[in-house]
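Numbering (the UniProt record's numbering), first residue to last: 1 to 337.
Report on the structure given below.
This is the structure:
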């Protein structure tokens, strides 16, 4: 242990400043600008405490780097982080908890439903992509867990592993505009949606606009879903389904980008569900803050699509109740596409 600490003693002070922008991004999954932005907010928050010890003091920017390195590496454990940064495991635990709560509590200001001006910009993108009046796409994603401390059976999903669910709406730039985290993996998408705050306020939030969902969601006045294919679809309905799928896949790309960047989300090792919920929300906040300063990755979408195909939970054919008054709305949209 001591050899490890001597080896890494100057990691933050000497090694990190010498990283190129590309190498820095590879290690911490965000740009230096994003680290500076987050550390400035963290330093002025109630969650910040400087850490003094035999190896010096970890200021806000250093603690953010500790957190990002953990979040960005799928196999990283607390001991790995402690050895790299010359701090105790208990310090890693405190930093993780404080930054998780800090970022999670930023969600009301960082993850916001689009205002009228944003709606026009988002709608213009989807209109240009062949689907008018759309301001977002909705889907759910499973986050793999170790066995939770309480009620573990309810967290076993149809694939047989423990998971917690995210429901999110994203815009055309893959920013999350609504987020609902916490339901156990055994619960169907449609039930998660029905019990989410968004379900109760969707009509008010959308007005004359729509969001797009897959067949796991109910057809509603402001939530358009595919026609069920029982072998009798018209060409108009097939065309509608194709265009909906083409546009809706951006939410799958958003989840894929989230997990590709912040790889702890492939398998969270924490055990307490309340902290896990905050952790997932915190990483989604990181995603929204970082996405405006992304470095391009030409292979990312191909990788995401392959991973989505490999881990998809699928539709368990639960009886989903569509809104009868929305059928005519969908037919009208299909007719004008």
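Yeah, the Cβ is synthetic: ideal placement off N, Cα and C, and Gly gets one too.
query, result
"Taking the beta carbon of residue 75 as the centre, do at least 16 other beta carbons fall within 10 Å, making it buried, or is it exposed?", "exposed"
"Could you give the first and the last residue of the continuous alpha helix (DSSP H) run that contains residue 82?", "78-85"
"With DSSP as the reference, please indicate the residues paired to residue 163 in a beta bridge.", "144"
"State the DSSP-derived secondary structure class of residue 139, mapped to helix, strand or coil.", "strand"
"Relative to the ligand PLP, is the shortest distance from any of its heavy atoms to the C-beta of residue 136 smaller than 7 Å?", "The ligand content of the structure shown is nil, which means the ligand PLP is not present either."
"Using only CA atoms, which one of 155, 135, 151 lies nearest to residue 144?", "155"
"Can you tell me which of the three DSSP states residue 227 falls into?", "coil"
"Restricting to Cα atoms, I'd like to know which of 69, 173, 265 is closest to residue 123.", "173"
"Taking only the alpha-carbon atoms, compute the straight-line gap between residue 221 and residue 69 and give it to the nearest angstrom.", "43 Å"
"Secondary structure at residue 262, three-state DSSP: helix, strand or coil?", "coil"
"Beta carbon of residue 219, beta carbon of residue 326: below 8 Å?", "yes"
"Given 8 Å as the limit, is there contact between the stretch 20-39 and the stretch 86-94, that is, 3 or more CB pairs closer than that?", "no"
"Since residue 34 is in the alpha helix (DSSP H), which residue starts that stretch and which ends it?", "32-43"
"Tell me, please, whether the stretch 106-126 touches the stretch 174-181 by the rule of three or more beta-carbon pairs shorter than 8 Å.", "yes"
"Report the residue from 279, 288, 275, 24 whose alpha carbon sits nearest the alpha carbon of residue 338.", "Outside the modelled stretch of the chain, which goes from 1 to 337, sits residue 338, for which no answer is possible."
"Per DSSP, what are the beta-bridge partners of residue 62 in this structure?", "Bridge partners of residue 62: none, in fact."
"Contact criterion: CB-CB distance below 8 Å. Does residue 85 meet it with respect to chain D?", "The chain inventory of the structure shown lacks chain D, comprising one protein chain alone."
"Measuring straight from C-alpha to C-alpha, what distance separates residue 224 and residue 84?", "49 Å"
"If you draw a straight line from the alpha carbon of residue 252 to that of residue 43, how long is it in whole angstroms?", "34 Å"
"What's the gap between the Cα of residue 265 and the Cα of residue 63?", "20 Å"
"In whole angstroms, what separates the C-alpha of residue 261 from that of residue 29?", "6 Å"
"Using beta-carbon positions only, say whether residue 226 and residue 241 come within less than 8 Å of one another.", "yes"
"Out of 288, 206, 188, point me to the one whose CA is closest to residue 215's CA.", "188"
"In angstroms with no decimal places, state the Cα-to-Cα distance between residue 10 and residue 26.", "19 Å"
"With C-beta atoms as the reference, is residue 212 less than 8 Å away from residue 233?", "no"
"With which residues is residue 177 paired in a DSSP beta bridge?", "BP columns for residue 177 are empty, so no partner."
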